[in-house]
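The structure under discussion appears below in the form of structure tokens.
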Amino acid sequence: MNIVKVTRHENAACEQQAKFANDRISSVEKHFSDLCSVMAGYTRKVARVRDMNDNLAKNLQSYSEGEKINRSLKQGLGDFSNTLVEIGDYRNIETQRLDKRVVQELVQYESVCRNAKDEVKNIFSARDRELAWKKQLERVKERNPYNRQQITTAESELVKASVEVSRTQKALEEQMDLFEKKKLHDLKAILMDFIAIEIESHAKLIELFTRGCQELMQVNEEYDLENFQDALKLSETASRFETVRKTSLRNTSLLSTLLAKQKKVPKKSSSGNSSSLTTTTTSNSADLVEDLKQEDYEMEEDDDQISVSDAESSSLLSYDNKGNEIDRSKTRNH
1 MNIVKVTRHE NAACEQQAKF ANDRISSVEK HFSDLCSVMA GYTRKVARVR DMNDNLAKNL
61 QSYSEGEKIN RSLKQGLGDF SNTLVEIGDY RNIETQRLDK RVVQELVQYE SVCRNAKDEV
121 KNIFSARDRE LAWKKQLERV KERNPYNRQQ ITTAESELVK ASVEVSRTQK ALEEQMDLFE
181 KKKLHDLKAI LMDFIAIEIE SHAKLIELFT RGCQELMQVN EEYDLENFQD ALKLSETASR
241 FETVRKTSLR NTSLLSTLLA KQKKVPKKSS SGNSSSLTTT TTSNSADLVE DLKQEDYEME
301 EDDDQISVSD AESSSLLSYD NKGNEIDRSK TRNH
């Protein structure tokens with residue numbers, strides 16, 4: 001019977017090959033795990049940017065809805081907030097694609113590397129069995145050199161173990177070739193997908209941000225400033241009307257007080273007291289009349305101011321109507 005002899009050199013070569021394969025798999029596993037962690041963090045960052053973009057869109061929309069004076073600013077903020085909402089949708093698509101086509105593909109390599117390590121363990125186990133049967137054969141020959149049955153059985157098991165080692169070693173070589181080929185292809189494909197996702201996303205974002213820039217360029221600063229100045233003048237006019245109203249009420253109160261005091265003056269009295277009372281009444285009446293004259297003078301000034309303000313208000317209202325016509329014209333053109 002021909003016995004497959006395994007030399008020390010062949011054993012060392014087999015062991016070295018298995019060790020190299022195991023180290024290679026461990027290195028790939030480590031680097032892919034690190035890449036997976038980094039890509040997962042990158043995806044979470046993109047998701048956070050998406051969420052902050054949505055918050056910005058909500059704040060601008062709220063600002064637009066609350067703005068009552070700057071009309072072109074109101075329109076510009078509303079349009080830009082809608083554009084930001086669309087940008088948020090594309091960022092969400094980017095996040096989902098990164099997670100599916102990059103992160104999950106890297107996660108799968110944990111099981112790929114584990115299966116490859118199992119193949120390396122098989123070659124080590126087969127080699128250990130071969131060495132064990134070789135030692136068994138040597139012991140049988142030393143103890144029972146004339147027991148052909150035990151020697152033949154040991155030689156037969158050694159041949160099987162040697163064949164198993166050769167088969168397992170060949171399978172390991174094929175498995176490692178497939179592993180290396182898959183690793184090269186997958187890593188290249190994953191990174192190419194990452195680049196494609198980012199290029200597509202950034203290209204769309206550039207398009208949308210360009211549109212947002214154009215929307216903000218439509219904000220007419222001078223027109224909005226004029227609207228603010230008009231609103232400010234109208235508020236001043238309203239304040240003057242309120243001042244005149246309060247003055248009128250005060251004059252009415254003074255007149256009522258004067259009439260009430262005149263009714264309380266007695267018709268007959270002694271000569272001395274009559275003179276004193278008449279003097280006091282006359283003095284009080286003179287003071288009240290002087291106050292009424294002063295109030296009348298102030299009312300005349302306020303009337304003049306109100307007349308000017310009315311003219312300004314009518315002019316402002318006319319300008320405001322003209323502004324509304326301009327807005328409607330812009331809306332129809334848009």
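Going by UniProt numbering, the sequence shown opens with residue 1, and the numbers climb by one from there.
The beta-carbon is built from N, C-alpha and C at its ideal position, and this holds for glycine as well.
In the DSSP annotation of this structure, the continuous segment of the alpha helix (DSSP H) that includes Gln-75 starts and ends at 71 to 98.
Taking all protein chains shown into account, Gly-66 has fewer than 16 neighbouring C-beta atoms within 10 Å of its C-beta and is therefore exposed.
A distance below 7 Å separates the beta carbons of Leu-60 and Ser-81. Ala-57 is a Cβ neighbour of Leu-84, given a cutoff of 7 Å. At a Cβ-Cβ threshold of 7 Å, Ile-25 and Lys-121 do not count as neighbours.
Judged by beta-carbon spacing, Arg-91 lies beyond the 7 Å limit of Asp-193, meaning their Cβ atoms are not closer than that value.
Spatial neighbours of Leu-35 in its own chain (CB-CB distance under 6 Å, excluding positions within 5 residues in sequence) are listed in chain order as Leu-106. At the C-beta level, Ile-87 and Asn-53 come within 7 Å of one another.
By a beta-carbon distance limit of 8 Å, Glu-119 contacts Gln-175. Their separation comes to about 5 Å.
In the structure shown, Val-219 adopts coil according to DSSP, grouped into three states. Taking the Cα positions, Val-219 is about 50 Å away from Asp-186.
Rounded to whole angstroms, the gap between the alpha carbons of Phe-179 and Ser-156 is 34 Å.
A residue is called buried when at least 16 other Cβ atoms come within 10 angstroms of its Cβ; Phe-20 does not meet this threshold and is exposed. Assigned with DSSP and collapsed to three states, Gln-16 falls in helix. Note that the C-beta distance between Leu-73 and Asp-224 is below 7 Å. DSSP places Gln-108 outside both helix and strand once states are collapsed to three, so it counts as coil. From the listed residues Leu-184, Phe-228, Leu-98, Ala-196, the smallest Cα separation to His-31 is found for Leu-184. Listed in chain order, the non-local C-beta contacts of Asn-22 below 6 Å within the same chain comprise Val-120, local neighbours out to five positions each way being set aside. By alpha-carbon distance to Val-46, the top candidate from Thr-252, Val-112, Ile-197 is Ile-197. Between the alpha carbons of Gln-149 and Lys-170 lies a gap of roughly 32 Å. In the structure shown, the three-state DSSP call for Lys-68 is coil.
By a beta-carbon distance limit of 8 Å, Cys-113 contacts Glu-29. Their separation comes to about 4 Å. CA-to-CA, the gap between Glu-15 and Pro-145 works out to about 31 Å. Going by beta carbons, Thr-43 and Asp-99 fall inside the 7 Å limit. By the criterion of a C-beta distance shorter than 8 Å, Lys-204 is surrounded in its chain by Tyr-90, once the five residues flanking it on both sides are discounted.
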